[in-house]
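Take a look at the structure below.
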Amino acid sequence: MIATSHPLRTPGEPTNPHRDKLEIMSDITAEQVRHLAGLARIDLSEAEIASLTLELGQIVEAVASVSSVATADVPITSHPIPLVNVYREDVVADVLDTAQVLTQAPEHDGSRFKVSAILGEEQ
Amino acid sequence: MTDLIRHTAAELATALASGATSSVEVTQAHLDRIAAVDGAVHAFLHVNPEVSLAAAKASDARRKAGDILNALDGVPLAIKDVLVTTDMPSTSGSLILQGWMSPYDATVVTKIREAGLVPLGKTNMDEFAMGSSTEHSAYGPTHNPWDLDRIPGGSGGGSAAAVAAFEAPFALGSDTGGSIRQPAHVTGTVGVKPTYGGVSRYGAIALASSLDQIGPVSRTVLDSALLHDIIGGHDRHDSTSLRDEWPSMAEAVRNANVKGLRIGVVSELDGEGFQPGVLARFHEALALLEANGAEVVEVSLPSLQYAVAAYYLILPAEASSNLAKYDSVRFGMRVNPVGGGTVEQVMAATREAGFGAEVKRRIILGTYALSAGYYDAYYGSAQKVRTLVQRDFDVAFANVDVLASPTAPTTAWKLGEKLDDPMAMWRGDIATIPANLAGIPGMSLPVGLAQEDGLPVGIQFLAPARADHRLYNVGGALESLLEEKWGHTLLSQAPVLMEGAR
Numbered sequence: 170m171i172a173t174s175h176p177l178r179t180p181g182e183p184t185n186p187h188r189d190k191l192e193i194m195s196d197i198t199a200e201q202v203r204h205l206a207g208l209a210r211i212d213l214s215e216a217e218i219a220s221l222t223l224e225l226g227q228i229v230e231a232v233a234s235v236s237s238v239a240t241a242d243v244p245i246t247s248h249p250i251p252l253v254n255v256y257r258e259d260v261v262a263d264v265l266d267t268a269q270v271l272t273q274a275p276e277h278d279g280s281r282f283k284v285s286a287i288l289g290e291e292q
Numbered sequence: 009m010t011d012l013i014r015h016t017a018a019e020l021a022t023a024l025a026s027g028a029t030s031s032v033e034v035t036q037a038h039l040d041r042i043a044a045v046d047g048a049v050h051a052f053l054h055v056n057p058e059v060s061l062a063a064a065k066a067s068d069a070r071r072k073a074g075d076i077l078n079a080l081d082g083v084p085l086a087i088k089d090v091l092v093t094t095d096m097p098s099t100s101g102s103l104i105l106q107g108w109m110s111p112y113d114a115t116v117v118t119k120i121r122e123a124g125l126v127p128l129g130k131t132n133m134d135e136f137a138m139g140s141s142t143e144h145s146a147y148g149p150t151h152n153p154w155d156l157d158r159i160p161g162g163s164g165g166g167s168a169a170a171v172a173a174f175e176a177p178f179a180l181g182s183d184t185g186g187s188i189r190q191p192a193h194v195t196g197t198v199g200v201k202p203t204y205g206g207v208s209r210y211g212a213i214a215l216a217s218s219l220d221q222i223g224p225v226s227r228t229v230l231d232s233a234l235l236h237d238i239i240g241g242h243d244r245h246d247s248t249s250l251r252d253e254w255p256s257m258a259e260a261v262r263n264a265n266v267k268g269l270r271i272g273v274v275s276e277l278d279g280e281g282f283q284p285g286v287l288a289r290f291h292e293a294l295a296l297l298e299a300n301g302a303e304v305v306e307v308s309l310p311s312l313q314y315a316v317a318a319y320y321l322i323l324p325a326e327a328s329s330n331l332a333k334y335d336s337v338r339f340g341m342r343v344n345p346v347g348g349g350t351v352e353q354v355m356a357a358t359r360e361a362g363f364g365a366e367v368k369r370r371i372i373l374g375t376y377a378l379s380a381g382y383y384d385a386y387y388g389s390a391q392k393v394r395t396l397v398q399r400d401f402d403v404a405f406a407n408v409d410v411l412a413s414p415t416a417p418t419t420a421w422k423l424g425e426k427l428d429d430p431m432a433m434w435r436g437d438i439a440t441i442p443a444n445l446a447g448i449p450g451m452s453l454p455v456g457l458a459q460e461d462g463l464p465v466g467i468q469f470l471a472p473a474r475a476d477h478r479l480y481n482v483g484g485a486l487e488s489l490l491e492e493k494w495g496h497t498l499l500s501q502a503p504v505l506m507e508g509a510r
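Chain order of the listed sequences is D and S. So for the first sequence, the working numbering puts the first residue at 170; every next one is plus one. So for the second sequence, the working numbering puts the first residue at 9; every next one is plus one.
Encoded structure:
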């Protein structure tokens, strides 16, 4: 076990038809940006989608150089100074109580966070 | 004692020990200075004089009773708003955390409190530390004390400007790609990014967890060392925290000596793309070190040409993951869409309203880089570049003790100048980013003013992982040599800020 945090891979679309070749395609479309915004849970305006489509295209082109040197024989580095098996004593310590946790909640009922409907109409 | 704000933290500690002044007096002097100039500088997002003075009073009582906590007990400092504090709001420069009060203190904040230091307030920063100018703060930019129309660097422009404007003797900062060192460069101050894992990040609002590091910001190398000694060391709350026994950084400064020190000049960071005045001051500093016994050689880090690209894949990828916690459920802002909506719609409306343009840009880019089908080509390849950069450093450090470069290609630019071109701003991070990719420590300290614009220039030193003390050795030595040559400190040449302006 390596006790370091790895960013989560976002599941789902979009898929790259050239995935096996590790080619970088910078054909960013507004539809893709709209989809990414959905995955990232940000309600972008149409104006934001338009400017991000343009910027993301430029950025992706600029960062594409990484794939040219990332050959199969180079191992990845996910963590600059890796530590393995970071354990602590299995004792309860430094726990915030419910009241402390809820003080900054936008809405709560005294013991739980309160949110609006979890299921949408389509579900 | 007069002009208390002009003294370094080390000098204030001596004055407090001798009884020449009190913590209340020193703290009040800095609060007065903040009240007088921060309208123009805007280094602080939050100041609470009552809380600061209560801490100062407690320090004076301890000193009277003869049981001070640390040599620096009673000396005030500023805290970057990325660090959570129980007695002041912590926003990380974002609207989504406006007014948010943390139920716990960051470990470094706990450590400075346990050493008796007096928090003056929280300093401004680019939103979630994304930026190199502080213009991406949701609360308005900080102004460079050398020229109020120019950027103070970023993301930690607030901490650097506070220190440069004599609003605090030193401060805490965070450095993910240069956010401590580049502001130091453009404000004529000192900043250190410690070895990854050398200082706890517990309670630092995370940007990119494999790059983030907390470190000191000050006007002198010794003051950074004193603060580093207080905040460094293992923390069981941070599983990336190293268990090393660290030597005293302050001792490294006090015993500074560059005789026989081998300094490698990074050829990729010396020439094209760098402002003439930046290069001129950099080479003068190297010549001074050489004249005093150091050996200067040229080294090449060929993978550096891919470092910025790799960084701007790794950072957004990790940030998009870290910033998923701002979900409008547990803390922070909640925006209900007109006519209501599901929790996901509330979340999306909140994040649209609560995040600024640069944060959205990087979250979308990070989400793209982590998407199925693109993951290997982007995030995977960037992590391989990281290996190549580390290997380059390993080869270089087999032959030299420290590496040197200008801290950034240019001096401070005008506010607004690069705001419409995110890539231009990102490219300015070329010299500072490699240290974060490799996890090694780096320091920036002032080496003079560029002849073409009269603005500060910094030199950056890099050392192998766990050899932070080498930075304090070479930095301390160079600082004394320069001040001996100039006959003054660089900051004493900064224009006088009009008190009460704006």
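Every residue, glycine too, gets a C-beta built ideally from N, C-alpha and C. Given the structure is predicted, the values throughout are model-derived calculations rather than measurements.
Using the Cα positions of residue i and residue j, report the straight-line distance between them to the nearest angstrom.
i              : j              : result
residue 192(D) : residue 343(S) : At residue 192(D) the pLDDT is 47, less than 50, meaning the model places this residue with poor confidence and gives no usable figure here.
residue 398(S) : residue 446(S) : 5 Å
residue 190(D) : residue 379(S) : Because the pLDDT of residue 190(D) is 40, which lies under 50, any placement of that residue in the model is unreliable, and the question is left without a value.
residue 352(S) : residue 367(S) : 19 Å
residue 10(S)  : residue 496(S) : 19 Å
residue 247(S) : residue 126(S) : 28 Å
residue 388(S) : residue 197(D) : 20 Å
residue 511(S) : residue 203(D) : Because chain S in this structure spans residues 9 to 510, residue 511(S) falls outside the shown range and cannot be described.
residue 287(D) : residue 363(S) : 23 Å
residue 289(D) : residue 216(D) : 26 Å
residue 244(D) : residue 84(S)  : 46 Å
residue 283(S) : residue 472(S) : 27 Å
residue 110(S) : residue 237(D) : 44 Å
residue 120(S) : residue 279(D) : 34 Å
residue 173(D) : residue 393(S) : Any reading at residue 173(D) is ruled out, since the residue's pLDDT is 34, under 50, leaving its predicted position unreliable.
residue 143(S) : residue 365(S) : 11 Å
residue 376(S) : residue 252(S) : 38 Å
Compare the C-alpha of residue i against each of the options and name the closest.
i              : options                           : result
residue 192(S) : 434(S), 469(S) and 491(S)         : 469(S)
residue 208(D) : 220(S), 52(S), 133(S) and 373(S)  : 373(S)
residue 280(S) : 222(S), 258(S) and 416(S)         : 416(S)
residue 154(S) : 147(S), 196(S), 131(S) and 176(S) : 196(S)
residue 55(S)  : 69(S), 87(S) and 81(S)            : 87(S)
residue 184(S) : 448(S), 388(S) and 453(S)         : 448(S)
residue 200(S) : 257(S), 252(S) and 494(S)         : 257(S)
residue 285(S) : 83(S), 407(S) and 420(S)          : 420(S)
residue 251(D) : 223(S), 83(S) and 250(S)          : 250(S)
residue 358(S) : 339(S), 259(S) and 375(S)         : 339(S)
residue 226(S) : 413(S), 186(S), 174(S) and 401(S) : 174(S)
residue 52(S)  : 219(S), 270(S), 152(S) and 20(S)  : 152(S)
Where does the unbroken alpha helix (DSSP H) through residue i begin, and where does it stop?
i              : result
residue 284(S) : 284-299
residue 216(D) : 215-232
residue 371(S) : 365-377
residue 397(S) : 389-405
residue 194(S) : 189-195
residue 165(S) : 165-172
residue 258(S) : 257-262
residue 328(S) : 315-330
residue 426(S) : Segment: none, residue 426(S) is in no alpha helix (DSSP H) and carries neither H nor E.
Please report the residue range of the beta strand (DSSP E) in which residue i lies.
i              : result
residue 86(S)  : 84-88
residue 412(S) : 410-414
residue 54(S)  : 52-55
residue 468(S) : 464-470
residue 131(S) : 126-131
residue 270(S) : 270-274
residue 138(S) : From DSSP, residue 138(S) is part of no beta strand (DSSP E); its letter is neither H nor E.
Could you check how far apart the C-beta atoms of residue i and residue j are, in whole angstroms? I think they sit under 8 Å.
i              : j              : result
residue 404(S) : residue 309(S) : 6 Å
residue 336(S) : residue 275(D) : 6 Å
residue 234(S) : residue 80(S)  : 6 Å
residue 327(S) : residue 371(S) : 7 Å
residue 206(S) : residue 146(S) : 30 Å between Cβ atoms; not a contact.
- Segment contact, 8 Å Cβ cut-off, at least three pairs: the segment 298-309 of chain S with the segment 224-234 of chain D: As far as the Cβ criterion goes, the segment 298-309 of chain S does not touch the segment 224-234 of chain D, which means the pair count is below three.
- Query: Should the segment 318-338 of chain S be regarded as contacting the segment 432-444 of chain S, the criterion being three or more beta carbon pairs within less than 8 Å?
  - Reply: As far as the Cβ criterion goes, the segment 318-338 of chain S touches the segment 432-444 of chain S, which means the pair count is three or higher.
- Message: With three or more beta-carbon pairs closer than 8 Å as the criterion, would you say the segment 152-159 of chain S touches the segment 113-121 of chain S?
- Response: Not touching, per the Cβ criterion.
- Between the segment 10-22 of chain S and the segment 169-182 of chain S, do at least 3 Cβ pairs fall closer than 8 Å? Output reads yes: the segment 169-182 of chain S touches the segment 10-22 of chain S.
- Query: Is there contact between the segment 429-438 of chain S and the segment 451-463 of chain S, where contact requires at least three CB pairs shorter than 8 Å?
  - Reply: Judged by Cβ distances under 8 Å, the segment 429-438 of chain S makes no contact with the segment 451-463 of chain S, as fewer than three pairs qualify.
- Does the segment 475-491 of chain S come within contact of the segment 261-275 of chain S, defined as at least 3 CB pairs closer than 8 Å? With a cut-off of 8 Å, the segment 261-275 of chain S and the segment 475-491 of chain S count as touching, because enough Cβ pairs lie within range.
- Query: Looking at C-beta atoms only, is the number of pairs between the segment 30-38 of chain S and the segment 54-68 of chain S that lie closer than 8 Å three or more?
  - Reply: They touch, by the three-pair rule.
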